[in-house]
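Read through the structure below, which is laid out as structure tokens, and then see the notes.
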Amino acid sequence: MAEKEQITSPSNVTVGSGDVRDVKQVPRGRDIAAELTEQFADEPGFDREEETRLRWKIGMRLTLILFLNITLPAMDKVTPSTGALYGMRQDLHLKGNQYSWIGSSFYFGYLIWCFPSSQILQRLPIAKSISGAMLAWGFALIGAGFSKSFAPMVITRILPGALEAPVAPGNFLIMTMWYTREEQPGRAGLFYTGLATLITGTLGWAVGFIHSEWAWRSFFWITLGITLIYAVIVGIFLPDNPVKAKFISQREKYVAVEHMGADKLGIENKTSTLLMMPTGVIQTLSSYVCNLGVYICIRRFPNLQLRGAFVISGLVVGLIATVFLYTLPNDAYVNRLLALYWSYVYLGPYIVSLGLNSANAAGHTKKITMNTVVFAFFKANQAPLYSPWYGCHADLIDDRADQRVHMDADFNDVTDQENVHFRYVW
41 MAEKEQITSP SNVTVGSGDV RDVKQVPRGR DIAAELTEQF ADEPGFDREE ETRLRWKIGM
101 RLTLILFLNI TLPAMDKVTP STGALYGMRQ DLHLKGNQYS WIGSSFYFGY LIWCFPSSQI
161 LQRLPIAKSI SGAMLAWGFA LIGAGFSKSF APMVITRILP GALEAPVAPG NFLIMTMWYT
221 REEQPGRAGL FYTGLATLIT GTLGWAVGFI HSEWAWRSFF WITLGITLIY AVIVGIFLPD
281 NPVKAKFISQ REKYVAVEHM GADKLGIENK TSTLLMMPTG VIQTLSSYVC NLGVYICIRR
341 FPNLQLRGAF VISGLVVGLI ATVFLYTLPN DAYVNRLLAL YWSYVYLGPY IVSLGLNSAN
401 AAGHTKKITM NTVVFAFFKA NQAPLYSPWY GCHADLIDDR ADQRVHMDAD FNDVTDQENV
461 HFRYVW
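In my numbering, the protein residues as written are 41 to 466.
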């Protein structure tokens with residue numbers, strides 16, 4: 041009899057008591073997916089055709105939104121650098137290192153608001169929090185466009201920095217609710233394709249036809265309009281989690297949750313827990329540029345643990361290019377440009393590092409607090425090489441725990457350290 045292949049899921053597996061006796065049970069709220077899986081406990085399992093159909097449906101809704109959640113903040117980050125091309129320095133009467141401080145002040149806001157933003161993501165709906173943050177920083181860009189001196193511009197850069205703090209972590213949290221650890225690297229690579237540079241480049245070219253002091257101010261206001269419109273779209277169309285998603289049926293919600301069960305990462309739990317946290321450190325100083333290595337790596341070698349090797353090899357290439365960029369004569373324009381292009385290979389390891397954080401932290405509270413930032417200061421007298429601030433960082437986690445499915449731990453909001461059956465990926 042030609043029956044469709046049934047996919048075993050945590051809810052339809054009988055697990056002996058000996059399999060779960062060493063899972064630490066913690067007195068805390070359960071994951072929101074636990075109740076849903078219990079409701080469908082007696083339902084038949086799903087087949088691969090149903091799972092594939094649902095995966096396409098989810099991808100059509102989420103991929104573009106999650107991509108723009110990263111692209112538009114990247115576009116807003118570089119508004120001062122584009123504005124500087126059209127007279128912003130002169131209009132604001134910037135002197136010495138003040139322009140560099142305008143760039144760095146963004147990350148002051150980000151740093152200050154990192155921990156409060158994690159509490160916002162813990163206590164409030166994630167997608168609605170992202171939408172609200174985008175609306176607020178969009179309005180902050182109005183003030184930047186009307187700034188007349190250094191101080192107001194710094195303030196209007198600190199505010200967007202603080203307001204952006206929950207966006208990238210929230211984006212990755214939503215990704216981990218819908219995609220398994222094997223599926224996440226490819227999606228993360230799509231999010232960081234660098235199209236923000238195409239948008240800002242096109243807008244920068246267009247505002248160049250405005251021959252007045254309003255050119256750079258118009259650039260801020262145009263990005264403001266784009267951000268505000270998109271923030272409304274996020275609030276309407278991006279679901280906070282699979283259980284609350286309105287574009288899929290109850291059965292499809294169950295399939296989506298069970299698809300994630302074997303990862304033991306959980307979906308979402310709004311009950312806060314006190315944890316000792318490792319710190320993830322990420323540094324970004326340049327525009328985002330597409331790196332296909334992430335996609336090729338995960339598609340060509342889907343069953344191999346190559347994340348660490350990819351991080352190391354990508355950093356080596358980026359480091360070599362940076363050395364050339366630093367040592368080549370300043371008038372070797374073509375060679376320095378090629379070195380600059382190759383230095384962007386660092387973005388691949390950057391994306392994989394973000395994915396490692398998402399894939400190797402279980403428990404909702406722990407996942408939302410694994411974000412921080414390193415920012416650098418560039419002084420005018422260090423131009424054009426800015427010698428003191430060259431550096432790189434990479435992390436590698438390795439664990440060879442078994443991969444058996446253990447129903448009792450999947451949606452109890454236990455962390456990766458508390459769940460002895462959790463397996464790290466590297």
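C-beta: ideal position from N, C-alpha, C; glycine also. Note that the structure is a prediction, hence the values are computed from the model and not measured.
Residue environment: Phe186 is assigned as exposed (fewer than 16 neighbouring CB atoms within 10 Å of its CB, all protein chains considered). In this structure, the alpha-carbon of Ile269 lies about 22 Å from that of Phe212. The DSSP-derived three-state label of Asp116 is helix.
The alpha-carbon of Asp87 is positioned some 23 Å away from that of Met215.
In the three-state DSSP reduction, Asp87 falls in the strand class (E or B). One Cα belongs to Leu199, the other to Ala180, and the distance between them is close to 7 Å.
Here the alpha carbon of Arg95 sits roughly 17 Å from the alpha carbon of Phe107.
At the C-beta level, Ala114 and Met174 stay beyond 7 Å of one another. For the options Ile166, Val247 and Lys293, the alpha carbon positioned closest to that of Glu78 is the one of Lys293.
Under the three-state reduction of DSSP output, Thr220 falls in the coil class, being neither helix nor strand. Excluding sequence positions up to five before and after Gly210, its CB lies within less than 7 Å of the CB of Leu161, Ile166, Ser169 and Ile170, all in the same chain and listed in chain order. Gln290 counts as exposed, since fewer than 16 other C-beta atoms from the protein chains shown sit within 10 angstroms of its C-beta. Under the three-state reduction of DSSP, Thr233 is assigned to coil, being neither helix nor strand. Judged by their CB atoms, Phe249 and Gly123 are not nearer to each other than the 7 Å cut-off. With a 10 Å radius around the Cβ and a threshold of 16 neighbouring Cβ atoms, Val363 comes out exposed. Secondary structure at Ile195: helix, using DSSP grouped into helix, strand and coil. Note on the segment 235-262: whole alpha helix (DSSP H) runs with a minimum of 4 residues are 235-247, in chain order. For Tyr294, the secondary structure class from DSSP, reduced to helix, strand or coil, is helix.
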